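**Student:**
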Amino acid sequence: MLEEIFKEVYAKFKLNFYLGIFDRVHERVGSLSATEAFAAEVIYTLREPTIREFAECIGISQPNATYKVNSLISKGYIEKKNSDSDKREYHLKVTKKFLDYYNINNEYIKVVMDRIRKRFTPEQAKQFEDMLRIISRELMPENSQLHDRYCK
26 MLEEIFKEVY AKFKLNFYLG IFDRVHERVG SLSATEAFAA EVIYTLREPT
76 IREFAECIGI SQPNATYKVN SLISKGYIEK KNSDSDKREY HLKVTKKFLD
126 YYNINNEYIK VVMDRIRKRF TPEQAKQFED MLRIISRELM PENSQLHDRY
176 CK
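Positions 26 to 177 (the numbering used here) are the ones given, in order, by the sequence shown.
Here it is as structure tokens:
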């Protein structure tokens with residue numbers, strides 16, 4: 026039963042996010058394809074990675090990553106920022122345009138979290154928060170390693 030209810034909750038979050046993406050992805054100049062949307066989301070999650078770090082994380086070649094990044098730059102969703110330590114190196118940074126787009130997911134998460142705070146006692150909400158922290162930090166070691174490696 027635990028697996029089923031978790032899949033149900035996870036599917037509802039994904040569905041909300043995907044519907045938001047497809048609502049905003051249109052066949053017009055400057056719009057994001059679904060692949061570009063996911064690439065930009067990975068760059069955002071990695072918190073200003075280099076192109077090499079982005080490529081390594083998603084398992085593609087550096088030239089392929091460069092192609093994807095250049096497309097996102099030309100559409101205004103990503104920008105390159107010189108590294109403070111090595112001026113030959115660039116970090117990828119999402120723009121306000123991307124953040125406005127990305128808020129699809131954050132807005133829904135906020136709505137659900139507000140509903141949790143209203144529905145449950147502060148103690149129950151705190152216990153839920155603690156459980157999520159344990160799930161994230163202890164029970165998902167595969168993703169924790171990726172997160173620790175790439176998310177600065």
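For every residue, glycine included, the Cβ atom is placed at its ideal position computed from N, Cα and C. From a predicted model like this one, the values you see are computed outputs, not experimental measurements.
1. Identify which residue in V34, I76, K37, I83 has its Cα closest to the Cα of K106.
2. Quick one: what's I76 bridged to in DSSP?
3. Excluding the five sequence neighbours on either side, which residues of its own chain have a C-beta within less than 7 Å of the C-beta of S108, listed in chain order?
4. Measuring CA to CA, which of D155, Y133, S161 is closest to F42?
5. Would you report the Cα separation of V203 and G101, rounded to the nearest angstrom?
6. Would you check if the distance between the CB atom of P74 and the CB atom of I68 is smaller than 8 Å?
7. Run the CB neighbour count on I180, radius 10 Å, all protein chains shown included, and call it buried at 16 or more, exposed below.
8. What is the DSSP secondary structure of E148, reduced to helix, strand or coil?
9. Kindly identify the DSSP beta-bridge partner or partners of E66.
10. Measure the beta-carbon distance from L97 to A65 and round it to whole angstroms, keeping in mind my assumption that it falls under 8 Å.
11. Which partner residues of N41 appear in the DSSP bridge assignment?
12. Apply the 10 Å Cβ neighbour rule to V94 and answer buried if 16 or more other Cβ atoms are within range, or exposed otherwise.
13. On the DSSP letters alone, give me the boundaries of the alpha helix (DSSP H) that I85 sits inside.
14. Can you tell me whether I103 is buried or exposed? The criterion is at least 16 other CB atoms within 10 Å of its CB, across all chains shown.
15. Measuring straight from C-alpha to C-alpha, what distance separates I85 and Y92?
16. Would you report the Cα separation of L44 and E29, rounded to the nearest angstrom?
**Tutor:** The relevant details are as follows:
1. I76
2. None; I76 has no bridge partner.
3. E114, Y115, H116
4. Y133
5. The first residue shown for the chain is 26 and the last is 177, placing residue 203 beyond what the model contains.
6. yes
7. The chain is shown from 26 up to 177; residue 180 falls before or after that span and cannot be answered.
8. helix
9. Answer by DSSP bridge pairing: none, since E66 is not bridged.
10. 6 Å
11. Paired residues: none, contrary to the question.
12. buried
13. Careful: I85 lies outside any alpha helix (DSSP H) and carries neither H nor E.
14. By the Cβ-count criterion, I103 is buried, with 16 or more other Cβ atoms from all chains shown falling within 10 Å of its own Cβ.
15. 11 Å
16. 22 Å
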